[in-house]
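Structure first, then comments.
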Amino acid sequence: MSTAAPQDPHPPRDETAGPELSDGTHRADGPEQTTAQSLVRLYPYLKPALPRITAGMVAALGASVVALAIPMVLQKLVDGTLLHRGGSTSQVVLSALLILALGAGEAVLISLRRWFVLAPGTKVEATLRNALYAKLQRLPVAFHDRWPSGQLLSRAVSDLNLIRRWLSFGLVLFIVNIVTIVVGFGVLFYWHWLLAAVMVVLSIPLWVAGYFFERKYHIVARRSQDQQGDLATAVEESVHGIRVLKAFGRGRHALSNFRAQAERLRGTELEKARAIAGLWLWLLMVPDVAFGICLLLGVWLAAHDQLTIGQLLAFFSTATVLRFPIESIGFLLSMTYDTRTAVDRFFEVMSTPNTIDDPAAPKHIDEPRGRLEFDQVHFRYEDSPARFPDLVDGVDLEVRPGETMALVGLTGSGKSTLTSLVPRLYDVTGGAIRIDGVDVRDLTLEELRTRVAMAFEDATLFSASVRDNVLLGRPDLVGDDPDTKAAAEAQLAEALEVAQAAFAYDLPEGVDTKVGEEGLSLSGGQRQRLALARAVAAKPSVLVLDDPLSALDVDTEARVTERLRRVLKGTTALIVAHRPSTVMLADRVALLQGGRVVDVGPHSELLARNEHYRYVISSLEDEDSGFGTRPPGASGPQTVDTEEVDA
Amino acid sequence: MSTATVTGVAGEDRSDLSKGESRVIRQRSLRLLGSLVAPMKVKVTWTLVLVVVSTILQVSGPALIGIGIDRGLPALLKQDWMPISWTVAAYLAAGVLGALTIAWYTIASAQISQAILFDLRTRVFLHTQRLSLEFHESYTSGRIISRQTSDLDSIRELLDSGINQLVQGMLYSGFIAIAIFAVDWVSGVVLLCSLVPLYFLVRWFQKRSQVLFRISRVASAKLIVHFVETMTGIRAVKAFRKEKRNEREFGELVEDYRDVNAKTIQLFGLFDPGLVMIGNITVAVALLIGGLRVASGSLEIGALLSVLLYARRFFDPMEEMAMFYNSYQSAAAALEKISGVLEEQPGVPEPAHPIKLDGARGHVVFDDVNFHYKPGRDVLPKFDLDIPAGQTVALVGSTGAGKSTLAKLISRFYDPSSGAVTLDGVDLRDLTQEDLRRAIVMVTQEAYLFSGSVADNIALGKPDATIEEIRRAAQAVGAHEFIEALPDGYDTDVNKRGGRVSAGQRQLISFARAFLANPAVLILDEATSSLDIPSERLVQQALQTLLADRTAVIIAHRLSTVAIADRVLVMEHGRIVEDGTPAELIGGTGRFAQLHAAWRDSLV
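Which chain is which? The protein sequence lines are S and E, in order. The numbering of the first sequence is the numbering used here, which starts it at 1480 and goes up by one. The numbering of the second sequence is the numbering used here, which starts it at 776 and goes up by one.
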């Protein structure tokens, strides 16, 4: 297995890193921006923090000045007081105190700088993180289909971390150092114009190197951060799909794919390191060469009395002070470009238009009765090739108030898609869906999703207690006063009873037991029943159930069906059904074929008049031929019908 | 999780560790660090040599400038260009070489740190794959993801933070200390005395930051867990308007994380100026003592000047070293968590001395098996079962009867608490994963699809399968038609969480996977629950061919599946209550006969 893996022609998951990275879904494809333009977009988030950041810079500059002053003062003290006068005890003590005071000043200024930038840095990070999270929750499901969640995670955590560190450290240091360099060069000119001019001219290669570095580095930085996101995705899938990987013993295989991805990231990181090393080389070498030439020139100037030795010494000690700021430009630049990439990635999400949002002028359903109407509804995925017909291809259907409608059709006929259009998980691409005569797009999402409750086939429970999970759709039942509590308790009990999920009371901590990923793991059937209870407890005017009983055993299914029937009496319901037993719940059945409703009617009528319906829902012919043998007639309609559906 | 242990991931969320526990965890993470660095000893040594050389080259610069001015200038005044030329040449050479070694070092250290990260990533990945389902069911995916992302980021920060600066700083301070002693030993003693408050400051920082960084790792993991849960459950979040509540919950986690981050930064914000202060006090004391001695004539003024300048420089690299120490503390906290995961023992370990199994026949036996997830709550109290090779067994019974547990024991997702499950007479615990997984494959209700193409997903059953084999497998289970109808056929990307294929189609794909794997024993746990009836019928036809010569255990709530079984087992409370051919049981008056009658009534 392990030997076969590397040359495996179809490595799952492997593809994500390649094509998507170079041209694909999660890269910006807008016009190229400069780093400054890109970073400036942070301004709105940064604005409240700017005074403190500026104060931090001032403190930092102050600290640098004091740090520079201390040696000079020392020298003066030693020269002036001690050298010339031999020094009295009191003067020595005074000098020591002066140095001590300056030293304390430096320490205070440093802590001030840190204190000033501390709060804004972390606050801006938290603001960005909350904003990103809120945006992601609002973006439509189609967005989440497209974006691997590892990519989103790496944006929300690592990228924002980078931005914070740049704000409270990189940006401050960058500006302080630039100021230091400019002032320093001024001082150099003061000492001697020719030497300083030589320094300036010789620093030109630095700018060139910096330019090439930016061009190379920002591409690699981007690739690295994307690959980190892909790696996070790979980790996530390997954990979420752990059962499949274990069942097939494909841990090693997954590892070899992961390893290949990690290897790619390592390659990118090394490329980054080479780019940084190249820049460093120039940043270290150029000043050295300049120093060497200035030394030669300075000594020559001194020899020709153009310069005193004191001035020459002062020139070099000032220039030496400038070396750290110049060298620091290297890592500050790479940090800045990393941050720029992080900012780009952040705004890629933030600037994604939200296609499913509240309408500008929302309407309101005054008297909810629960009439659900599909009017020439079309739907296709955005990226679906033109040659394919719409997935939902002109559905006309009316579910009357209080009626239960079953959706029946072959796998892939568009049943689930149709149900997800009702609460606007996706928006129709043609036609309209109306509830009580109001287009769902004219309702606020809040109202729409209060009116419509849904149970999905793959039941998602959140890391919370059974109670919180079931009452999720009832924010009105949250509260501490006894009436609300009693009402919540009653609602909970009722929903659990309907969904036959009384097992919840027998969990270690009863209905307060934490379930979901962070809590107790439940079986598929148990999860499905809790999800059903959640939909029931929401007391919606329209209940949408996507094959809600698939994981239940026959007994339980029968009991749930019986109770559901009672609940459904006054509720409009749309139920995706594969089983005759579920269809029995419905007043009428809509038969879907090729994205259209081809027939509507009560179960018995459809059974009598529609051959395709019989084929989809009926197992009788199997049963009549008894156990263990294959019915000779079964293969006939199958082949015909499958082709029909595929067409 | 009990409070008494810190082994593995137990107590991971605690920050109030006792001294002993803290030490145990630190040692564990240091061992991990050691094992990561060990394979690269040579390279690390070389890199350190590079740093030393480049430091010496860089330190020599100022000295050469001094020489240039002291010697070159007087010589030049006598029209002798030689000394200054040599000095400048030496200076240039030192500068260029220094730059080259630093560049070289940058690449070499990146190679080391990337190799360490790569090693660590794959180790954690492999280990989490090895860990049993039991572990995964209690340790959330979000936590593993946070171990692999934000924890690794901290370690990476340490590795990137420039060990050269640490080494340079230490060398530099070392040289300076020697120089001070050489000039004036009394001042040297003053310098040494400053190490005492320095020690206490570092200890204080270490203790405080250790706790804070631990809290920070936990906070970031919680954040990630919540984030991942929201994004994977986004449909339900939207459908039930959980957005606002989520924003509040997430906001709190963000605030916790921000708070602890702010505290660590604040701590460092005291530590750093603290160091500066100690340095400045030392200079002032040196000035005081030195000045008094100069005044009393026991010290040369020149010596004092040098001492003061040196003393000041001695503390120059301290800030960088402090930053290094800070990122070390952060990385150490991350390593603690990672080493905890790595310390977890797989609940179903690989055998030390595996028994080879070539060409399994598929004879499965449960020999006096007892199984419980928690002591005292037996799921299977005492279980014996013999499934001859080639038999197809249907398992029937209500939820909680132990059917899925049985399936998990055969596929060795769990090991029996006592007794043994054997395949062809060999205890499953004695088989290598490779042999076991080749022989036994389980298909579950949750048909997880990995991102990649449809073909990739089917090929998971047999990584070296040709596209022809993949197609044949898909055809056999009736998935071929819908796959062909997808935009790019077999090459269609299934996208995140299989967004574009329906639940039923996902199950068909995972069936094709199992078909391709071609095992001796096939376990189907509710594998057809989302299929429509015609698809299910097709799958059953395929199964009849597929299962003709192999052992199968089928769990299905739909009794239609029972049609293809040779034998039906009805389970209740972890025991087999009925056992016979479908015809026998239907003909009887037992539970199965009742179930079957009820089911017949539900059909049309």
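Beta carbons: idealized from backbone N, C-alpha and C, even for Gly.
Alpha carbon of residue i to alpha carbon of residue j, nearest angstrom
i	j	result
F1935/S	I1284/E	20 Å
D1624/S	E796/E	44 Å
P1530/S	V1856/S	54 Å
A885/E	L1749/S	6 Å
T1241/E	Q1220/E	26 Å
V1874/S	D1854/S	7 Å
A1542/S	N1833/S	47 Å
W1374/E	S1173/E	14 Å
L1922/S	D1837/S	7 Å
A864/E	I840/E	11 Å
S860/E	T1747/S	43 Å
S793/E	T782/E	14 Å
I2096/S	A1358/E	25 Å
G949/E	L1791/S	29 Å
Counterpart residues of residue i in DSSP-defined beta bridges
i	result
T1197/E	V1140/E, D1202/E
T1883/S	A2052/S
T1326/E	V1296/E
A2069/S	L1886/S, V2079/S
E1243/E	Answer by DSSP bridge pairing: none, since E1243/E is not bridged.
S753/E	Only positions 776 to 1379 of chain E appear in the structure, and residue 753/E is not among them; the question remains open.
R1850/S	Answer is none; R1850/S lacks a bridge partner.
T1167/E	A1327/E
R1350/E	E1347/E
Proximity test, Cβ basis, 8 Å: residue i and chain S
i	result
K1391/E	A question about residue 1391/E goes unanswered here, because the residues of chain E that appear run from 776 up to 1379.
E1022/E	yes
R898/E	no
E1359/E	no
S962/E	no
Q886/E	yes
P1309/E	yes
Interface flag, residue i vs chain E, CB-CB below 8 Å
i	result
L1774/S	yes
Q1970/S	no
N1833/S	no
S2000/S	yes
R1928/S	yes
Contacts around residue i, its chain only, beta-carbon distance under 7 Å, and the 5 residues preceding and following it disregarded
i	result
S804/E	A1107, L1110, E1111, S1114
V1537/S	none
L1581/S	V1545, A1548, I1549, V1552
Y880/E	T822, L825, V826, S829, N939
6 Å Cβ shell around residue i - same chain, five flanking residues per side excluded
i	result
S1193/E	N1145
A1700/S	Y1816, D1817, T1820
R1020/E	none
L1235/E	R1288
A1980/S	R2008, L2009, A2012
Same chain only: Cβ atoms within 8 Å of residue i, ignoring 5 sequence neighbours per side
i	result
A2069/S	L1876, M1884, A1885, L1886, V1887, V2076, D2078, V2079
F1025/E	L998, H1001, F1002, T1005
L1999/S	L1986, P1987, T1992, K1993
The ligand NAD heavy atom lying under 7 Å from the CB of residue i
i	result
Q1979/S	Here there are no bound small molecules, and the ligand NAD is not part of this structure.
Residue i at chain C interface by Cβ criterion, 8 Å
i	result
G1026/E	Within the model displayed, chain C is absent; protein chains S and E are what it includes.
Answer yes if the region 1005 to 1016 of chain E comes into contact with the region 1572 to 1588 of chain S, meaning at least three C-beta pairs across the two stretches below 8 Å, and no otherwise. no
Would you check if the region 1816 to 1831 of chain S and the region 1671 to 1678 of chain S touch, i.e. whether three or more CB-CB distances between them fall below 8 Å? no
Using 8 Å as the Cβ pair cut-off and three pairs as the minimum, do the region 882 to 896 of chain E and the region 1062 to 1078 of chain E touch? With contact defined as three or more Cβ pairs closer than 8 Å, the region 882 to 896 of chain E and the region 1062 to 1078 of chain E are not in contact.
Would the region 1345 to 1359 of chain E and the region 1151 to 1162 of chain E be scored as touching if the rule is three or more Cβ pairs under 8 Å? yes
Using 8 Å as the cut-off, can you tell me whether the region 1840 to 1860 of chain S makes contact with the region 1926 to 1944 of chain S, which would need three or more C-beta pairs spanning the two stretches below that distance? yes
Do the region 2024 to 2035 of chain S and the region 1303 to 1317 of chain E touch if we need at least three Cβ pairs shorter than 8 Å? yes
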